[in-house]
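Residue numbers (the numbering used here): 39 to 657. Built from N, CA and C at the ideal position, the CB exists for glycine as well. Written below as structure tokens is the structure these notes are about.
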């Protein structure tokens, strides 16, 4: 019996030992860096149920039935590996990455500068005592203009209109004339030519990225900022088309129960007969309107406050603009009691006594449209300025600037450029109003017709040259050294007048052939001149306000020269007599402009200086 039990125990022991798994240990590393890889899936190739994961130090232990055995290793970003295990311990396995290592990763993000966090950071880092109101705070307030916004800044008092609306700010108790106002850090002039302070209610609050109020004078401020400075930082143009509208209305309870007398304000005589007709005029009854006596009793309309802004980016999102409009119409009412009094005669005290009282009601209305007079225009340009169409077009910038500049209602233009540079020439014509630019000046001064009897004498041929004025730069060409005549000399584009061709047509054709100049306007003629090579040369002055793309013809032109008109006017020319005629020389930036070109240039500069052209005569 004892032997039987022992036999049974031995059998069970053998069975248990046969079912036990064999542990395999190892470590998993990155092949290139040698860094342990954690959380990697490892499983037996023929039995996916037998699997494990690597620990934090890359080590792993997996139980298998026997060795050698194949294990499969999968890890995102690494090549899958099938590894044959020969021993239980010290199995070091390296994984290769699927991709090459990145040398550099750039993350670009736009910082929202309109938040309160940015405003507080600016206050903290400011060198002087400053208060900042962010665009987010402005959006949460019912303020429609900058004057309403600034009244929420501590330590600032407001000078108000007769209707009670804020208009001028007073900083540090100083009068408004001791403060100066900036837009994006640039001082702006007052729309009132009699005063230097700026009414703040003309600027819509929708245009602000933040409002900076500096309450102390610092070295970077001008001397007229004794009280402080108010800097209105305008919003950048939105990346996509954006249109914002805010409106509110309200009604005073005083107007519910009673009406008020009103009259048409257009009946008011702004100027007296003395101002209209001089002091010798005898005023007559008809000179004074009776419209003020035509009153009516009515309830005032509800108060209305409205502002809106529109912004977009154009020209491949390189040029942005924001237009803001605000409207404000408010009514204010009040009550007053008038007392009548007289001196008592009933006793000897001679004290005044009240003899009666009357009630008086009144109201004021203020109607303000902020997009009319005065107004401010904000132009924002970002990107590289170029002339080939790939960047920010200088021509389009100038067109937009001139359009805004010529609007009489625009009192201030803020032109903000954020550009790394470029190849465009900044034309001066964009900064002038219509009628005072070089085009108008030359068009008025130059003859508009050719001299009578313009025929070359025997042995001479008729030629034409273009005198291109691009903005305020004259265009010259440096002739190719391969040309048979005047090689390497400075000249204007020009050539022989072909049969059936006019002088103007020839000058424009030669300008296009030599330097690729198109889109110019002929303004007039200078006096003709003879060339020693047998040509009667007629100069034609042409104009374009910007610098277009130019392409010199290498067969004729070695280089294009652009000479600022201001520099040429400062050059001291000298002359000599050659072949019985005076030849003028203009030394400019290391080159000598002389000969026929020098004589034409002298005539052009004389017309520019004097504003008129002499009678046609040979140069």
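Go through the segment 70-105 residue by residue and report every complete run of the beta strand (DSSP E) that reaches 3 residues or more, in order.
Runs of the beta strand (DSSP E) lying entirely within the segment 70-105, each at least 3 residues long, are 79-82, 85-91, 97-102 in chain order.
Pick from 345, 571, 609, 642 that is closest to residue 627, judged by C-alpha positions
Looking up residue 627 in the chain shown gives position 589. Comparing Cα-Cα distances from residue 627 to each of 345, 571, 609, 642, the minimum goes to 609.
Contacting residues, own chain, Cβ-Cβ under 6 Å from residue 470 (five flanking each side not counted):
Position 432 of the chain shown, counted from the first residue, corresponds to residue 470. Note that residue 470 scores a pLDDT of 49, beneath 50, so its modelled location is shaky; the value from the coordinates is reported in the next line. Answer for residue 470: no residue qualifies.
Please return the same chain residues whose Cβ sits closer than 6 Å to the Cβ of residue 636, not counting the five positions on each side in sequence.
As a position in the chain shown, residue 636 is number 598, starting the count at 1. So the qualifying residues of the chain are 622, 623, 624.
Supposed close pair residue 96, residue 65 - CB separation, criterion 8 Å
On the chain shown, position 58 is the one that residue 96 refers to. On the chain shown, position 27 is the one that residue 65 refers to. Between residue 65 and residue 96 the Cβ distance is about 5 Å, and since that is below 8 Å, they are a contact.
Contact under 8 Å by Cβ, residue 517 with residue 596:
Indexing the chain shown from 1 puts residue 517 at position 479. Indexing the chain shown from 1 puts residue 596 at position 558. Yes; because the gap between Cβ atoms is below 8 Å, this pair is in contact.
Considering just the uninterrupted stretch of the beta strand (DSSP E) at residue 630, what are its terminal residues?
For the purposes of this step, residue 630 is identified with residue 592 of the chain shown, where counting begins at 1. First-last of the beta strand (DSSP E) with residue 630: 629-632.
Alpha carbon of residue 367 to alpha carbon of residue 266, nearest angstrom
Walking along the chain shown from the start, residue 367 turns up at place 329. Walking along the chain shown from the start, residue 266 turns up at place 228. Taking the straight line from one Cα to the other gives about 31 Å.
For a test of the three-state rule: what should DSSP assign to residue 238, helix, strand or coil?
As a working note, residue 238 is residue 200 in the chain shown. It is helical.
Residues that DSSP places opposite residue 270 in a beta bridge:
By one-based count along the chain shown, residue 270 stands at place 232. 221, 249.
Considering only residues of the segment 590-652, which uninterrupted alpha helix (DSSP H) runs meet the minimum length of 4 residues and lie entirely inside it, listed in chain order?
603-608, 633-648
Just how far apart, CA to CA, sit residue 551 and residue 484?
Position 513 of the chain shown, counting from 1, holds the residue named residue 551. Position 446 of the chain shown, counting from 1, holds the residue named residue 484. The straight-line gap from Cα to Cα measures roughly 25 Å.
To the nearest angstrom, how far is it from the Cα of residue 339 to the Cα of residue 314?
Translated into the one-based positions of the chain shown, residue 339 becomes position 301. Translated into the one-based positions of the chain shown, residue 314 becomes position 276. It is roughly 35 Å from the alpha-carbon of residue 339 to the alpha-carbon of residue 314.
I'd like to check one pair, residue 560 with residue 542: are the Cβ atoms closer than 8 Å?
Translated into positions along the chain shown, residue 542 becomes position 504. Translated into positions along the chain shown, residue 560 becomes position 522. Yes; because the gap between Cβ atoms is below 8 Å, this pair is in contact.
Using the beta-carbon count (16 or more within 10 Å), is residue 39 buried or exposed?
As a working mapping, residue 39 is identified with position 1 in the chain shown. No answer about residue 39 holds up, because its pLDDT of 43 lies below 50 and its placement is not dependable.
What did DSSP end up calling residue 303 once you bin it into helix, strand or coil?
Residue mapping note: residue 303 aligns to position 265 of the chain shown, counting from 1. Residue 303: helix per DSSP, three-state reduction.
Going by the C-beta, is residue 97 closer than 7 Å to any heavy atom of the ligand ZN?
By its list of ligands, the structure shown contains no ligand whatsoever, and the ligand ZN lies outside what it can speak to.
How many Å lie between residue 411 and residue 629 at the Cα?
One-based indexing of the chain shown puts residue 411 at position 373. One-based indexing of the chain shown puts residue 629 at position 591. Note that residue 411 scores a pLDDT of 46, beneath 50, so its modelled location is shaky; the value from the coordinates is reported in the next line. C-alpha separation (whole angstroms): 51 Å.
Taking DSSP's pairing of strands, which residues face residue 206 in a bridge?
In the chain shown, residue 206 corresponds to position 168, counting from 1. 197.
Could you tell me the distance, in whole angstroms, from the CA atom of residue 662 to the CA atom of residue 303?
Missing from the structure shown is residue 662; the chain here goes from 39 to 657 and no further.
Going by the beta-carbon positions, is the gap between residue 583 and residue 509 smaller than 8 Å?
Within the chain shown, residue 583 is the residue found at index 545, counting from 1. Within the chain shown, residue 509 is the residue found at index 471, counting from 1. In this structure, residue 509 lies closer than 8 Å to residue 583 by Cβ.
Where do the ends of the alpha helix (DSSP H) carrying residue 293 lie?
By one-based count along the chain shown, residue 293 stands at place 255. Where residue 293 is concerned, the enclosing alpha helix (DSSP H) stretches over 292-295.
If you compare alpha carbons, which of 562, 299, 341 is closest to residue 333?
On the chain shown, residue 333 is found 295 positions in, with the first residue counted as 1. Measuring from the Cα of residue 333, the nearest candidate turns out to be 299.
Under 8 Å by Cβ, that's how I've got residue 245 and residue 362 pegged, so tell me the actual separation to the nearest angstrom.
Here residue 245 refers to the residue found at position 207 when the chain shown is read from its first residue. Here residue 362 refers to the residue found at position 324 when the chain shown is read from its first residue. 4 Å between Cβ atoms; contact.
Inter-residue spacing [alpha-carbon to alpha-carbon] between residue 77 and residue 132
The count along the chain shown starts at 1 and reaches residue 77 at position 39. The count along the chain shown starts at 1 and reaches residue 132 at position 94. Going by the C-alpha atoms only, they are around 15 Å apart.
Could you give the first and the last residue of the continuous alpha helix (DSSP H) run that contains residue 480?
Start at 1 with the first residue of the chain shown, and residue 480 comes out as number 442. Its alpha helix (DSSP H) spans residues 476-483.
Give me whichever residues DSSP pairs with residue 514 in a beta bridge.
Numbered from its first residue, the chain shown carries residue 514 at position 476. Partner(s): 599.
Look up residue 528 in the DSSP assignment and give the residues it is bridged to.
Stepping through the chain shown from its first residue, residue 528 is reached at position 490. Partner(s): 516.
Tell me, to the nearest whole angstrom, how far the beta carbon of residue 270 is from that of residue 184; I am working on the premise that it is less than 8 Å.
Along the chain shown, read from residue 1 onward, the residue named residue 270 stands at position 232. Along the chain shown, read from residue 1 onward, the residue named residue 184 stands at position 146. About 6 Å separates the CB atoms of residue 270 and residue 184; that is less than 8 Å, so the two are in contact.
Tell me whether the segment 213-228 and the segment 278-294 touch, counting them as touching only if at least three CB pairs, one residue from each stretch, are closer than 8 Å.
no
Residue 99 to residue 278 span [Cα, whole Å]
Position 61 of the chain shown, counting from 1, holds the residue named residue 99. Position 240 of the chain shown, counting from 1, holds the residue named residue 278. Each residue's alpha carbon lies about 57 Å from the other.
Closest to residue 522 by C-alpha separation, out of 198, 571, 565, would be which residue?
In the chain shown, the residue the question calls residue 522 occupies position 484. Comparing Cα-Cα distances from residue 522 to each of 198, 571, 565, the minimum goes to 571.
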